[in-house]
Structure formats: structure tokens, C-alpha cells
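Participant: Just so you know, the sequence shown maps onto residues 21 to 400 in the working numbering.
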Amino acid sequence: MICVKCGAEVPDMPYCGACGWKQEKSPPRRTKRGNGQGCVYTLPSGKYKAVVILGYYTDENGVHRRRTRSQVFDKKKDAVAALPSLRESPKQKQKLLTVGEVYAAWLPTHRAGKSTIDCYKAAWKYLAPLSSMFFPEVDVDDLQDCIDDCPKGRRTKENLRALIGLLYKYAIPRHIVSDGLNLGQYLKVDGEVSAHRDALTDLELARIRRGCAAIPYASDILIMCYTGFRPSEYLALTSEDYDPAAHTLKGGAKTEAGRGRIVTVSPKILPFVERAAASPGPLCRNPSGEAWTLRDFSERAFYPALEKCGIDNPIVEVAGGVSRHRITPHSCRHTFATLIKRVQGADKDKLELMGHTSGEMLRHYQDVGLRDLQAITDAI
Numbered sequence: 021m022i023c024v025k026c027g028a029e030v031p032d033m034p035y036c037g038a039c040g041w042k043q044e045k046s047p048p049r050r051t052k053r054g055n056g057q058g059c060v061y062t063l064p065s066g067k068y069k070a071v072v073i074l075g076y077y078t079d080e081n082g083v084h085r086r087r088t089r090s091q092v093f094d095k096k097k098d099a100v101a102a103l104p105s106l107r108e109s110p111k112q113k114q115k116l117l118t119v120g121e122v123y124a125a126w127l128p129t130h131r132a133g134k135s136t137i138d139c140y141k142a143a144w145k146y147l148a149p150l151s152s153m154f155f156p157e158v159d160v161d162d163l164q165d166c167i168d169d170c171p172k173g174r175r176t177k178e179n180l181r182a183l184i185g186l187l188y189k190y191a192i193p194r195h196i197v198s199d200g201l202n203l204g205q206y207l208k209v210d211g212e213v214s215a216h217r218d219a220l221t222d223l224e225l226a227r228i229r230r231g232c233a234a235i236p237y238a239s240d241i242l243i244m245c246y247t248g249f250r251p252s253e254y255l256a257l258t259s260e261d262y263d264p265a266a267h268t269l270k271g272g273a274k275t276e277a278g279r280g281r282i283v284t285v286s287p288k289i290l291p292f293v294e295r296a297a298a299s300p301g302p303l304c305r306n307p308s309g310e311a312w313t314l315r316d317f318s319e320r321a322f323y324p325a326l327e328k329c330g331i332d333n334p335i336v337e338v339a340g341g342v343s344r345h346r347i348t349p350h351s352c353r354h355t356f357a358t359l360i361k362r363v364q365g366a367d368k369d370k371l372e373l374m375g376h377t378s379g380e381m382l383r384h385y386q387d388v389g390l391r392d393l394q395a396i397t398d399a400i
């Protein structure tokens, strides 16, 4: 064997006796590319494998895993060229649909008698507050709130739960949702044991408040706790939704039940809201300056911020066998509900701040004054 560097004859050994040069080639390394572009690496067979990450999911044990797509090629250039097409999975090609669009697409396909369809149509109006939310971004707590807020009897709530399950059965095989989890199976109606949803304690709120100066996104968590917006609603807010003269935020589901509801800003979060609204664009921005998706915000901003604030947030199993963190982004909304419960104020005003569907008729028949709302948020 000839040395690959000096040309001297080398016996069967890993290094040249004349120059000391290593003769065996190092195993090929993966080509490093930008985030989200995928990678190509060599298999022991000499072929090339192209791999892209399509997303992340949580398995039945609560472990976060990657969902990938790959393909093997004889030539490296073919593997590199295939990366863009691999990233365009069927799920990514599918148009991002809202809850309302999924319902509108599902309804004509469902085979049932007129009375059954009428029951689902009647139940739909209590799910309608989520109609403008993108279907994959809906949280199980959002759905449970719709059932809890429904002012009708148990039968209507059961129809609502059945409707939600049918929408997921329609969405899953059409790749409208990012995984095969049907959230309808975890929803509870009156009398059943529901998943407990923790609000943040006063001590945890104090730790978040102390961390706002140095910990990224701690201030966003505090704003969510003092405004009561659903996580997806908060992430949709922009600087244009803040009124600096009235100190209010305007947002929420685009429906008759909660279209553009006004939430007055507590003095405890006013500096953070004004700082976030000082630049045009989303109030809560990812590192690229764009709006977060709910999943990315949860994994890359919310949970890391809680950890840096010194808040213990283990993964626990709740009713229905669901594994999730003790505190989730939706816990901020429950925290707000707990805070306004402690202060005096008319129920109609508190319902207005929360944007509950059960307050829809109150909005039609009772006047809600901005001063009344501000008195509540000033007191929390």
C-alpha cells in the first residue's frame, strides 16, 4: 500500500511509518446546512440518505420526538437536490385551515339524518368562538372552555363534544392537523372528571415578574396572565391592536361572540405592553421578528422562560391519560380568571374581559363601560 501523502510504501497499518500520515479515511460527516434545510449523509452501503425534519410531536409517554422524512439515493448530488421536495410533505402542501373552514368542509360530507345534522348545527355556535383559529393551533383547553361555557344542558354539550370528534376524524386523514391525535376524546361534559388546569401561583407570578428584566419572553407570559387572551389570540396581536391613549388591547376570536373584544391593560404590565408595541409587527416576535406559531412559542419560548424563572414545571398525566406540562400557555388564561375573581366587579364586565361565549347575550342587553373594565384590571 502506498502512503496517500508521501508516496512511501506502507504495510497494512493505519499510519505511515515514514511521515506518520493517517491512511484510513475518516467516516464521512453529515453536511451542515441551515436550520430546516435537511441533511445528507453516507450510509455504510455507500449510498446517500437525505433527511428532513417535518415537525415535532409528543408520544403517549410525554416524550417530545421528531417526525422526519427520508429517501436513499445512489449519488450525493441527487440526495441534495431532493431535499426541497422532501420538505414539501403532504401536510405542508395542505392549506392551513381554520376551525370554521374545517367545519364548512366537513358538514356536506357527513351522512346523517336531518335531525342529527340540526343538532350538530345547534352545537356549532358554541364552538364558533374558535372559528378563526387555525385548526392545528387549537388547544384541548380551548375546546374544553367551549364545552364549559355552553349555557345549554348536558345533551347539547355531548353533541358539541361529538362534533369536535367528528371534525378531527375529518381532519386527520386529510393532513389538516400535524399529528394523529384526536383531542375530542379528552373532553369532558358536566359530571365527568375533567383534566385539571393549573393557574400560576402568586409566588410563580412574582418570579416571572422579577425575570422580566433579563429573561426572554418572561414579560410575554406576564402579559398573558394579566390580559386573559388565549395563547393563539395573544400571538396574533400586533402593535396596531394597542391603543396607547386608552391603554387597551383589541383582539380575540373573530366571531359574533367575541369579535375584537377590548381588554384594558393593568398597570402591572403597562411598561411591557408599551415596549412591545413600540415597533410595528407582532407584539410577541420570534428571533426572526415574525409571529410565533403556538407550538414553537410553547417549546422555544414559554417553557424555557419558566425554567429560567425557577418555576418547576414537570410533565404530568392528567385525566384521560394525557401527558403534558403542569403549566401550559393556556394556564395564563386561567391565572387571569383567578385574578379577576378576587376583585370586585360586575360579572358582565368580567365576562367581557374573558370573552366567554356565555356572556354573548349580556353583550346584547347590557352596556359595558371601558371605565368599569379598567377598574377591574387596575385592581388585579
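C-beta atoms are modelled at their ideal positions from N, C-alpha and C, and glycine is treated no differently.
Grab me the residues of residue 298's own chain with a C-beta within less than 8 Å of its C-beta, minus the 5 sequence neighbours each way, in chain order.
Facilitator: So the qualifying residues of the chain are 259.
Participant: Less than 7 Å between C-beta atoms, sequence neighbours within five positions excluded: which residues of the same chain meet that for residue 204?
Facilitator: Contacts found: 181, 184, 185, 188.
Participant: Please report the distance separating the alpha-carbon of residue 34 from that of residue 95.
Facilitator: If I take the Cα positions, the gap works out to 28 Å.
Participant: Apart from the five residues on each side of it in sequence, which residues of its chain come closer than 7 Å, Cβ to Cβ, to residue 88?
Facilitator: The answer, listed in chain order, is 71, 72, 73, 74.
Participant: Have a look at residue 22 and residue 326 and give me their C-alpha separation to the nearest angstrom.
Facilitator: Approximately 60 Å between the Cα atoms of the pair.
Participant: Does the beta-carbon distance from residue 304 to residue 255 come in below 8 Å?
Facilitator: Cβ distance < 8 Å, so residue 304 and residue 255 count as in contact.
Participant: Can you tell me the Cα-Cα spacing of residue 158 and residue 43, whole angstroms?
Facilitator: Looking at the two C-alpha atoms, the distance is approximately 57 Å.
Participant: Buried or exposed, going by whether 16 or more other CB atoms sit within 10 Å of the CB of residue 207?
Facilitator: By the neighbour-count rule (16 or more Cβ atoms within 10 Å), residue 207 is buried.
Participant: Apart from the five residues on each side of it in sequence, which residues of its chain come closer than 6 Å, Cβ to Cβ, to residue 99?
Facilitator: Only 60, 68, 70, 93 meet the Cβ criterion.
Participant: Quick check on DSSP: helix, strand or coil for residue 249?
Facilitator: Coil, per DSSP.
Participant: Note the first and the last residue of the continuous alpha helix (DSSP H) segment covering residue 97.
Facilitator: 96-107 is the span of the alpha helix (DSSP H), which, as asked, contains residue 97.
Participant: Can you name the start and end residues of the alpha helix (DSSP H) that residue 269 belongs to?
Facilitator: That residue, residue 269, is in no alpha helix (DSSP H); its beta strand (DSSP E) goes 268-271.
Participant: When DSSP labels each residue in this structure, what does residue 311 get in the three-state scheme?
Facilitator: Residue 311 falls in the strand class under three-state DSSP.
Participant: Going by the CB atoms, is the gap between residue 248 and residue 374 shorter than 8 Å?
Facilitator: Yes, these two residues count as a Cβ contact at 8 Å.
Participant: Residue 283 and residue 243 - do their beta-carbons sit closer together than 8 Å?
Facilitator: Not a contact, by the Cβ cut-off of 8 Å.
Participant: Label residue 253 either buried or exposed according to how many other C-beta atoms from any shown protein chain fall within 10 Å of its C-beta, with 16 as the threshold for buried.
Facilitator: Buried, because 16 or more other Cβ atoms sit within 10 Å of the Cβ of residue 253.
Participant: Quick one: is residue 224 buried, meaning 16 or more other Cβ sit within 10 Å of its Cβ, or exposed?
Facilitator: Buried, because 16 or more other Cβ atoms sit within 10 Å of the Cβ of residue 224.
Participant: By Cβ distance, which residues of its chain are closer than 8 Å to residue 125, with the 5 residues on each side in sequence left out?
Facilitator: So the list reads 117, 190, once near-sequence residues are dropped.
Participant: Under 7 Å Cβ to Cβ from residue 262, same chain only, skipping five residues before and after it: list those, please.
Facilitator: Hits under 7 Å: 269, 293, 297.
Participant: So for residue 350, helix, strand or coil by DSSP?
Facilitator: Coil at residue 350, not helix or strand.
Participant: Determine the extent of the beta strand (DSSP E) in which residue 61 is found, giving its start and end residues.
Facilitator: Taken as a continuous stretch (DSSP letters only), the beta strand (DSSP E) holding residue 61 covers 59-62.
Participant: Do residue 235 and residue 322 come within 8 Å of each other at the CB atom, strictly closer than that value?
Facilitator: Cβ distance not < 8 Å, so residue 322 and residue 235 don't count as in contact.
Participant: Do you know whose CA, among 238, 39, 91, lies nearest residue 63's CA?
Facilitator: It is 91 whose Cα lies nearest to the Cα of residue 63.
Participant: What's the call for residue 221, buried or exposed, on a 16-neighbour Cβ count within 10 Å?
Facilitator: Residue 221 comes out exposed.
Participant: Does the region 341-355 come close enough to the region 304-319 that 3 or more CB-CB pairs lie under 8 Å?
Facilitator: Touching, yes.
Participant: Exposed or buried, residue 310, counting other C-beta atoms within 10 Å across all chains shown (16 or more means buried)?
Facilitator: By the 10 Å Cβ count, residue 310 comes out exposed.
Participant: Name the DSSP bridge partner or partners of residue 302?
Facilitator: According to DSSP, residue 302 bridges with 258.
Participant: Report the three-state DSSP secondary structure of residue 70 (helix, strand or coil).
Facilitator: Here residue 70 sits in strand by DSSP.
Participant: Would DSSP call residue 30 helix, strand or coil?
Facilitator: DSSP places residue 30 in coil when its eight states are reduced to three.
Participant: Using the rule of at least 16 other Cβ atoms within 10 Å of the residue's Cβ for burial, across every protein chain shown, is residue 28 buried or exposed?
Facilitator: The residue in question, residue 28, is exposed, as its Cβ has fewer than 16 Cβ neighbours within 10 Å.
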